[in-house]
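Under UniProt numbering, think of the first position of the sequence shown as 1, with each following residue one higher.
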Amino acid sequence: MAVTQKLPPKDSVTITEPPKDSVTITDNRTGKTIVVPITNNSIPAVAFKQLKTTPAVSSDRIDTDDTANGIRVFDPAFLNTAAISSKITFIDGDRGFLMHRGYPIEQLAEKSDFLETAYLLIYGRLPDKKQDTTWRYEVMHHTEISEDVKKVIGSMRYDSHPMSVFVSAFAALGAFAPEANPALQGRNLYLENKDVMNKNIIRILGKAGTIAAASMRVRMNRPFIAPRSDYSYCENLLYMMDAQSEGENYRPDSRLVKALDTLFILHADHEMNCSTATMTHVGSSLVDPYSAIAAAAAALYGPLHGGANEAVIRMVEKIGSVDNVLPFLEKVKRKEELLFGFGHRVYRNTDPRSKIIREVADSVFEACGREPLIEVATALRDAALKDEFFVSRRLYPNVDFWSGLIYKALGFPLDFFPILFAVPRVAGWLAHWKQMLDHGNGKIWRPRQVYVGEGLRDYVPMEQRADIEVSTDLDGVLDLPHYQSKRRLQSRL
């Protein structure tokens with residue numbers, strides 16, 4: 001007996017199960033359901049643009065929620081937004097794990113050096129012997145800065161913050177490299193000409209150390225020292241900062257060179273942090289890399305980023321002695337004091353870099369003497385790790401907690417600490433900038449916003465505006481000193 005298969009009506013819809021690697025989202029306002037694919041444990045934010053409603057608009061009302069263009073994903077401070085896909089650095093915050101291009105940070109700190117790690121970050125692989133030789137030669141032979149750039153740096157006040165000098169110098173470098181400026185040479189300069197890209201990567205990395213040393217010499221009111229291309233990267237940096245005169249046969253202590261080199265590896269890149277995000281955001285406009293570096297350095301300048309290790313030293317100095325550690329932590333709990341050097345935006349476990357830095361500290365103390373504040377810092381760490389208040393909040397020592405103590409033991413002034421963060425981070429900034437140009441979609445970064453301001457209203461002429469009884473907009477402005485002499489003030493009476 002034949003079996004007759006009953007076909008579904010032509011206008012029927014076949015319901016299928018959504019793919020396993022997807023999420024199903026229903027807009028309860030309209031009942032519309034969308035299925036969004038999951039790739040690398042992420043979903044595309046633009047998928048939410050499908051969830052639209054009809055805005056209630058009229059001649060006297062504007063839809064400030066922009067409902068006609070779909071739902072926006074609201075994420076202040078980018079707490080859970082991935083703006084790029086990257087092959088450079090991976091962080092497992094729960095495990096306290098960090099790797100560059102697949103290599104654990106512990107192995108790089110032990111076996112590599114800064115220039116090799118920089119090559120790895122930028123080009124995606126460890127160099128072979130020939131590439132390594134060429135790379136080191138080119139970087140160390142692009143360390144000179146022009147006399148005009150020296151004049152820019154030398155014009156800074158002696159008490160300028162070194163990061164102000166660093167930011168200004170990099171902004172100036174772009175003015176002296178017109179051949180590297182897409183605004184002058186064409187917007188696709190770096191998209192189409194990889195030779196120009198590589199040349200300027202080398203120039204920027206080579207000159208970063210020289211600019212850093214020059215910012216130190218300005219502070220010391222001493223003449224600039226020319227770089228030594230026959231020294232290693234960190235050895236040359238220490239030489240340019242510490243040589244007494246041009247051409248002096250001075251060679252920094254090898255223990256200090258190794259310690260600084262290890263610190264540079266640890267600071268070279270840390271995924272999409274504030275300054276790296278700035279580098280890629282600004283770079284997406286196709287501006288020259290010198291301007292993007294200046295912007296990234298300005299972001300690093302802030303006390304919540306590159307200035308954190310400086311804040312740690314000031315905190316430990318304020319605590320003063322081991323006896324004051326527990327009372328200080330009690331004030332932190334009561335929100336009367338701030339605790340610097342603990343916790344991290346990504347890490348929910350111990351920062352892996354802090355373990356390595358603690359080991360580096362011993363070699364520095366051996367060469368320069370034990371830093372007196374180390375006792376206070378160690379007591380602070382031990383007390384915090386035994387206190388449930390901090391443990392439950394996963395507040396563990398981070399890289400800034402120990403690095404500041406090492407820099408202080410090395411004799412660097414506090415305001416120079418961010419510079420020692422910025423120089424190695426240049427490698428990471430360049431790596432992400434290159435990756436964005438090599439694999440980006442060619443679009444300028446342009447985040448959305450959620451507008452919560454006034455609705456449509458008409459302009460009110462001055463004579464029709466009511467007086468504001470209490471105004472705080474300009475409170476205190478009239479009390480600011482204008483630095484005018486009594487003679488001039490008297491003449492105005």
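Idealized CB from N, CA, C, for every residue including glycine.
Identity of the residue in the options nearest residue i by Cα
i	options	result
S354	Y239, G404 and M279	G404
V423	I293, F389, A466 and I145	I293
E313	Y119, I88, P418 and V167	Before going further, note that residue 313 is Ile rather than Glu in the sequence given. For I313, the nearest C-alpha among the options comes from P418.
I214	N200, P182 and D242	Checking the sequence shown, residue 214 turns out to be Ala, not Ile. Considering only alpha carbons, the answer is D242.
R217	H161, G31 and N40	H161
L414	M279, R255, A308 and G93	A308
A183	Q449, L173, R136 and D288	D288
P18	Q131, I38, S232 and D27	I38
S22	N40, I84, G174 and H141	N40
I357	K331, E388, F401 and A377	F401
V167	W433, S291 and P447	S291
A212	F170, Y250 and E359	F170
A295	G96, W429, I225 and R136	W429
L395	K151, A361 and V332	V332
E192	K443, D438 and Q107	D438
G247	V36, D382 and P227	P227
S232	V35, T133 and D94	T133
N249	F78, I225, F365 and T81	I225
Y158	R222, D230, L410 and S321	R222
L366	A259, L329, R61 and V325	Sequence check: residue 366 is Glu here, not Leu. Cα-wise, what sits closest to E366 is A259.
I202	V452, A431 and T350	A431
Simplified DSSP assignment, three categories, for residue i
i	result
D65	coil
I406	helix
Y103	strand
P178	helix
F170	helix
K32	strand
S363	helix
E17	coil
D382	helix
D323	helix
M156	coil
M462	helix
D11	For D11, the pLDDT reaches just 48, beneath the cut-off of 50, and the residue's location in the model is therefore unreliable, leaving the point undetermined.
Q449	coil
T262	helix
M315	helix
G283	helix
residue 544	The structure shown has nothing for residue 544, since the chain only spans 1 to 493.
R358	helix
residue 502	What is shown of the chain runs 1 to 493, which leaves residue 502 out entirely.
V332	helix
CB contact below 8 Å: residue i versus chain C
i	result
P227	Checking the listed chains, one finds no chain C in this structure; it contains a single protein chain.
Beta bridge counterpart(s) of residue i as assigned by DSSP
i	result
V139	Its beta-bridge partners do not exist; DSSP assigns none.
D92	F97
S22	P37
F342	P397
residue 552	The question about residue 552 has no answer, for the chain in this structure spans 1 to 493.
D27	K32
Contact under 8 Å by Cβ, residue i with residue j
i	j	result
T210	T143	yes
R101	G124	yes
E116	L126	yes
L385	V316	no
I105	L266	yes
I371	K408	The sequence shown places Glu at residue 371, not Ile. Yes, the pair counts as a contact, with Cβ atoms nearer than the cut-off.
D253	D113	no
I88	Q435	yes
R136	A268	no
M279	W433	yes
T30	T24	no
L256	L238	yes
F421	G306	yes
P352	F97	yes
M156	V165	yes
K207	I145	yes
I91	E271	yes
G455	R61	yes
A383	V325	yes
G411	C368	yes
N236	M140	yes
L189	V196	yes
D27	L51	yes
Does the contact criterion of 3 or more C-beta pairs under 8 Å hold for the region 297-310 versus the region 454-469? Flag = no, the region 297-310 and the region 454-469 do not touch.
Could you check whether the region 42-50 touches the region 67-81, counting it as contact only if at least three pairs of C-beta atoms, one from each stretch, sit closer than 8 Å? Contact between the region 42-50 and the region 67-81 is present, because at least three Cβ pairs lie under 8 Å.
Is the region 377-397 close to the region 334-342, with three or more CB pairs under 8 Å? With the cut-off at 8 Å, the region 377-397 and the region 334-342 touch.
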